[in-house]
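Visitor: Residue numbers (this note's numbering): 656 to 886.
C-beta: ideal position from N, C-alpha, C; glycine also.
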């Protein structure tokens, strides 16, 4: 399993990241932002698929300050509850700084200027925050949680952002979805897609939550989005 060490912005420590490289010169780089389950098999598979599309893909271990190397299975109930506990302890502002450090690492050490990100669950929320707070070139969030509480940051979004919203998300209620649409539908750099009748986690690579048809539709939109904005 290929990994790299990324220095923090303060250069006082390092954290690990899974890396998947394409067979030829990368056309751009994409940061894959983890769910609450850590950089597990499913997140690594997301990276591998992006590498197969020609991108350098990195998944930084954002929980490293809590415990390096957390990997949990959402289909195992005790591990699901562990993940919720880790999320409660996670400092999201520090996580965004680590994402900026990852962007810097890619540009400075890999020599790739165009950098996008795609995040899931907690990572979907962090993708929104990344779009508003970092120098990322394009961002995608799947079933991001609590984005209604971040809408006051929307004017800082300078580059394209796409959000995938399942309408029956058990972690994002209808009022939250309505607030997201009300706050973002007219934003010139934000695109929202609804997925009727689907629940949180529908685009996971493995496990019970995946909906094959909808995952392929959403991932096709994501691929086209990155091809347009990272090309």
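How far does the beta strand (DSSP E) with residue 878 in it reach, from first residue to last?
Guide: Here residue 878 belongs to no beta strand (DSSP E); instead the alpha helix (DSSP H) covers 867-884.
Visitor: Taking contact to mean 3 or more Cβ pairs, one atom from each stretch, closer than 8 Å, check whether the segment 830-846 and the segment 809-820 are in contact.
Guide: As far as the Cβ criterion goes, the segment 830-846 touches the segment 809-820, which means the pair count is three or higher.
Visitor: For residue 826, which residues of its own chain have a beta-carbon under 6 Å away from its beta-carbon, when the five flanking residues on both sides are left out?
Guide: 800, 855, listed in sequence order.
Visitor: For residue 726, which residues does DSSP report across the bridge?
Guide: Answer is 693, bridged to residue 726.
Visitor: Sorted by chain position, which residues of the same chain lie with C-beta nearer than 7 Å to residue 672's C-beta, five sequence neighbours on each side aside?
Guide: The answer, listed in chain order, is 658, 659, 661, 713, 714, 715, 716, 757.
Visitor: Under 7 Å, do residue 858 and residue 870 count as touching if we go by C-beta distance?
Guide: Their beta carbons are under 7 Å apart, which means residue 858 touches residue 870 by this criterion.
Visitor: Could you check whether residue 778 and residue 708 sit closer than 7 Å to each other, using their CB atoms as the reference points?
Guide: Contact: no.
Visitor: Please go through the segment 715-801 and give each complete beta strand (DSSP E) segment of 3 or more residues, from N-terminal end onward.
Guide: Whole beta strand (DSSP E) segments, 3+ residues: 770-775, 793-797.
Visitor: Between the Cα of residue 872 and those of 848, 763, 862, spot the shortest distance and give me the residue it belongs to.
Guide: The shortest C-alpha separation from residue 872 is found at 848.
Visitor: How do the segment 741-748 and the segment 804-813 stand: do at least 3 beta-carbon pairs fall below 8 Å, yes or no?
Guide: In short, these stretches do not touch, since the Cβ pair count stays below three.
Visitor: Within 10 angstroms of the Cβ of residue 699, are there 16 or more other Cβ atoms? Answer buried if so, exposed if not.
Guide: With 16 or more Cβ atoms within 10 Å of its Cβ, residue 699 is classed as buried.
Visitor: In angstroms, rounded to a whole number, what distance separates the CA positions of residue 729 and residue 885?
Guide: About 31 Å.
Visitor: Excluding five sequence neighbours on each side, which residues of the same chain lie with their C-beta closer than 7 Å to the C-beta of residue 750?
Guide: Correct list, in chain order: 717, 781.
Visitor: Taking the alpha-carbon positions, what's the residue 798 to residue 786 distance?
Guide: The straight-line gap from Cα to Cα measures roughly 15 Å.
Visitor: If I measure Cβ to Cβ from residue 727 and keep anything under 7 Å in the same chain, skipping five residues before and after, which residues do I get?
Guide: The residues are 692, 693, 695, 734, 737, 738.
Visitor: Can you tell which of 832, 754, 789, 821 has its C-alpha closest to the C-alpha of residue 804?
Guide: Comparing Cα-Cα distances from residue 804 to each of 832, 754, 789, 821, the minimum goes to 832.
Visitor: Would you kindly work out how many angstroms separate the C-alpha atoms of residue 878 and residue 769, rounded to a whole number?
Guide: Going from the Cα of residue 878 to the Cα of residue 769 covers about 15 Å.
Visitor: Would you decide whether residue 828 is buried or exposed? Buried here means 16 or more other CB atoms lie within 10 Å of its CB.
Guide: Residue 828 should be labelled exposed.
Visitor: Who are the near neighbours of residue 701 in its chain, counting only those whose CB is closer than 7 Å to its CB and skipping five residues on each side?
Guide: Excluding sequence neighbours, residue 701 sits near 687, 860.
Visitor: For residue 838, which of helix, strand or coil comes out of DSSP?
Guide: Helix, per DSSP.
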